[in-house]
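Undergrad:
In the UniProt record's numbering, the protein residues as written are 1 to 494.
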């Protein structure tokens, strides 16, 4: 049974500044106040030395480690820069074969993964195995499995796991964590979550592979995204039973699940629990609070959390502003959505295409179609690369305001600007034209789909003509569960 949060003041719910600030040490000497992290035992002596050096001398070992790290990073950047279609990466590796070791390859995998070159990761791995200095290592396999998973190559991740075991390496917790993450990147989320839970149970039975807090955080985030509150709560109880200490990622995962399901009372109860455990909120905490309150149209609370974020040590991110613009727009609060956009510019943030899409949709909800079109036109005129999602947003604005003819004209105009539609564009228009009973436009749309080699199947029609889910309907309703008068306020010194 969650506590009665309405009876608590905002400062009782969220952390107070004193929880996260160090106690200052007042050193009343002629030298003035010293920083709190310095040890001042010499002030207790009767005779102080003439010259006192305060502070820690830089560690030679630390300087040496930083130097070695920078050298490794520099070599990796050279390897990536010098590789091209004409000059394969393996040739460059052979050139530097005398100095390349495991740590270079580890960073190289990470860099290639960022560049979407997962095939080159496998080439580098095969090259490594041929070197005399190569020793099979869990860390290398863990990194490779992680890269393959992020690129949706689940089968390749599984092959690497088998390869690791065949090489004589014994899997540990980090390897299983990477494997779980790889499965969770697959398209079939239901199957992936079931597979991940199977690995969790398997890990519990292997002494060297016991799940740690990272394991639970990965699973909590995945189930939060799927809105499975029951499984999130079960995992949270399970990690506490196994004597694991929750961290900020743990609390964020649980609160995200509550927020996505509109369970603001439970969210605030978890927030109170986080405060009691002296866990400091981060930007993700602020963002999920802002988004959760915004979706339930508890705007007083959302605005108070935003003000607290501006006063805190954390900084807003683009998702902070995008969420507020979107939720104000759905509530038809155009002026407030515009205020958020101006505030973002004043704070020095550069809008992304998602920000522009959020503002366009806000205008669409507020019947300001011309303003949305102005933004779209300005984006094209500025030379910005237009995403398909931006085109879909403008089409959606037209369709929600009953302007299907203008939507068709925009589709033709977009082609002249080399903004090509995809299946999501056609689904949106198919649904809108069918709803408006515009059979002539529908017939033209199907012909255009054939030209673009987009074949409508059963799944296409189900998604195009399917009704809105109950979760979407709930997310736009005002909160009737939580008192909207006050929000938990985060202190500016947190």
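Glycine included, C-beta positions come from ideal geometry on N, C-alpha and C.
By the 10 Å Cβ neighbour count, where 16 or more other Cβ atoms means buried, how is residue 46 classified, buried or exposed?
TA: The residue labelled residue 46 in the question sits at position 46 within the chain shown. Note on residue 46: pLDDT 39, under 50, position unreliable in the model; no value is reported.
Undergrad: To the nearest angstrom, how far is it from the Cα of residue 271 to the Cα of residue 180?
TA: Position 271 of the chain shown, counted from the start, is the residue given in the question as residue 271. Position 180 of the chain shown, counted from the start, is the residue given in the question as residue 180. Approximately 27 Å, taken between the alpha carbons.
Undergrad: Have a look at 185, 162, 220, 268 and flag the residue whose alpha-carbon is nearest the alpha-carbon of residue 200.
TA: Working through the chain shown from its first residue, we reach residue 200 at position 200. Among 185, 162, 220, 268, the Cα nearest to that of residue 200 is on 220.
Undergrad: For a test of the three-state rule: what should DSSP assign to residue 133, helix, strand or coil?
TA: Counting from one through the chain shown, the residue named residue 133 turns up at place 133. Reduced to three states, the DSSP call for residue 133 is coil.
Undergrad: Rounded to whole angstroms, what is the Cα-Cα separation between residue 108 and residue 124?
TA: As a working note, residue 108 is residue 108 in the chain shown. As a working note, residue 124 is residue 124 in the chain shown. Rounded to whole angstroms, residue 108 to residue 124 spans 9 Å at the Cα level.
Undergrad: Near residue 186, which residues of its chain fall below 8 Å by C-beta distance, leaving aside the five closest residues on each side in sequence?
TA: Counting from 1 along the chain shown, the entry for residue 186 is found at position 186. If we look at residue 186 and ignore the five residues flanking it on each side, its Cβ neighbours are 152, 154, 192.
Undergrad: Over what stretch of residues does the alpha helix (DSSP H) that includes residue 317 continue unbroken?
TA: Translated into the one-based positions of the chain shown, residue 317 becomes position 317. That residue, residue 317, is in no alpha helix (DSSP H); it is neither H nor E in DSSP.
Undergrad: Are the Cβ atoms of residue 166 and residue 140 separated by less than 8 Å?
TA: If you number the chain shown from 1, residue 166 lands on position 166. If you number the chain shown from 1, residue 140 lands on position 140. No; because the gap between Cβ atoms is not below 8 Å, this pair is not in contact.
Undergrad: Does DSSP put residue 182 in a helix, a strand or coil?
TA: Within the chain shown, the letter at position 182 stands for residue 182. Residue 182: helix per DSSP, three-state reduction.
Undergrad: So, with DSSP's three-state summary, where would you put residue 265?
TA: As a first step, residue 265 must be located in the chain shown, where it is residue number 265. Reduced to three states, the DSSP call for residue 265 is helix.
Undergrad: With residue 345 as the anchor, note down where its alpha helix (DSSP H) starts and where it stops.
TA: Translated into positions along the chain shown, residue 345 becomes position 345. Where residue 345 is concerned, the enclosing alpha helix (DSSP H) stretches over 334-346.
Undergrad: Pop quiz: residue 177 and residue 214 are said to be a contact at Cβ under 8 Å. What is the actual Cβ separation, rounded to whole angstroms?
TA: Along the chain shown, one-based indexing puts residue 177 at 177. Along the chain shown, one-based indexing puts residue 214 at 214. Contact holds; Cβ gap of about 6 Å.
Undergrad: On the CB-based measure, 16 or more other CB atoms within 10 Å of its CB, does residue 338 come out buried or exposed?
TA: The count along the chain shown starts at 1 and reaches residue 338 at position 338. It is buried - the Cβ of residue 338 has at least 16 other Cβ atoms within 10 Å.
Undergrad: Taking just the CA atoms, how far does residue 104 sit from residue 64?
TA: Reading the chain shown from its first residue, position 64 is the one you call residue 64. Reading the chain shown from its first residue, position 104 is the one you call residue 104. Bear in mind that a pLDDT of 49 at residue 64, under 50, signals an unreliable position, so the model cannot answer this.
Undergrad: Is residue 121 closer than 8 Å to residue 147 when the C-beta atoms are compared?
TA: In the chain shown, residue 147 corresponds to position 147, counting from 1. In the chain shown, residue 121 corresponds to position 121, counting from 1. Cβ distance < 8 Å, so residue 147 and residue 121 count as in contact.
Undergrad: Within 10 angstroms of the Cβ of residue 358, are there 16 or more other Cβ atoms? Answer buried if so, exposed if not.
TA: Indexing the chain shown from 1 puts residue 358 at position 358. Answer is buried; the Cβ neighbour count reaches 16.
Undergrad: Would you say residue 289 and residue 305 are within 8 Å of each other, going by their C-beta atoms?
TA: Position 289 of the chain shown, counted from the first residue, corresponds to residue 289. Position 305 of the chain shown, counted from the first residue, corresponds to residue 305. Yes; because the gap between Cβ atoms is below 8 Å, this pair is in contact.
Undergrad: Could you tell me the boundaries of the alpha helix (DSSP H) in which residue 225 lies?
TA: In the chain shown, residue 225 corresponds to position 225, counting from 1. First-last of the alpha helix (DSSP H) with residue 225: 213-225.
Undergrad: Any contact between the stretch 341-352 and the stretch 374-393? By contact I mean 3 or more CB pairs, one from each, below 8 Å.
TA: No: fewer than three Cβ pairs fall under 8 Å.
Undergrad: Can you name, in chain order, every residue of its own chain whose Cβ lies under 6 Å from the Cβ of residue 322, other than the five neighbours on each side?
TA: The count along the chain shown starts at 1 and reaches residue 322 at position 322. Counting only Cβ-Cβ distances below 6 Å, and skipping sequence neighbours, we find 354, 355, 358.
Undergrad: Go through its chain and collect everything with a Cβ distance to residue 497's Cβ below 7 Å, but skip five positions before and after it.
TA: What is shown of the chain runs 1 to 494, which leaves residue 497 out entirely.
Undergrad: Under a three-way DSSP split, which group does residue 138 fall into?
TA: Start at 1 with the first residue of the chain shown, and residue 138 comes out as number 138. Residue 138 falls in the helix class under three-state DSSP.
Undergrad: Measure the C-alpha to C-alpha separation of residue 25 and residue 279 and round it to an integer number of angstroms.
TA: Taking the first residue of the chain shown as position 1, residue 25 is located at position 25. Taking the first residue of the chain shown as position 1, residue 279 is located at position 279. Since pLDDT at residue 25 reaches only 38, below the 50 mark, its modelled position is unreliable, and no value is offered.
Undergrad: Just mark residue 276 as buried or exposed, buried being the case when its beta carbon has 16 or more other beta carbons within 10 Å.
TA: If you number the chain shown from 1, residue 276 lands on position 276. Classification of residue 276: exposed, given that the 10 Å Cβ count is below 16.
Undergrad: For residue 335, is the classification buried or exposed, using 16 other Cβ atoms within 10 angstroms of its Cβ as the cut-off for buried?
TA: Position 335 of the chain shown holds residue 335. Result: exposed.
Undergrad: Beta-carbon within less than 6 Å of residue 261's beta-carbon, same chain only, minus the 5 sequence neighbours each way: which residues are those?
TA: Numbered from 1 along the chain shown, position 261 holds the residue referred to as residue 261. Hits under 6 Å: 227, 229.
Undergrad: I believe residue 394 touches residue 373 by the beta-carbon criterion, under 8 Å. Please report the beta-carbon distance rounded to the nearest angstrom.
TA: Locating residue 394 in the chain shown gives position 394, where the first residue counts as 1. Locating residue 373 in the chain shown gives position 373, where the first residue counts as 1. Between residue 373 and residue 394 the Cβ distance is about 7 Å, and since that is below 8 Å, they are a contact.
Undergrad: In chain order, what residues of the same chain lie with their CB nearer than 8 Å to the CB of residue 247, ignoring the 5 residues before and after it?
TA: Numbered from its first residue, the chain shown carries residue 247 at position 247. If we look at residue 247 and ignore the five residues flanking it on each side, its Cβ neighbours are 213, 217, 279.
Undergrad: Three-state secondary structure (DSSP) at residue 243?
TA: Along the chain shown, one-based indexing puts residue 243 at 243. Residue state, collapsed to three classes: coil.
Undergrad: So the alpha helix (DSSP H) residue 253 belongs to, where does it begin and stop?
TA: By one-based count along the chain shown, residue 253 stands at place 253. Residue 253 -> alpha helix (DSSP H) spans 248-260.
Undergrad: What first and last residue would you give for the alpha helix (DSSP H) that runs through residue 455?
TA: Residue numbering aside, residue 455 sits at position 455 when the chain shown is read from its first letter. Counting along the chain, residue 455 falls outside any alpha helix (DSSP H), and DSSP gives it neither H nor E.
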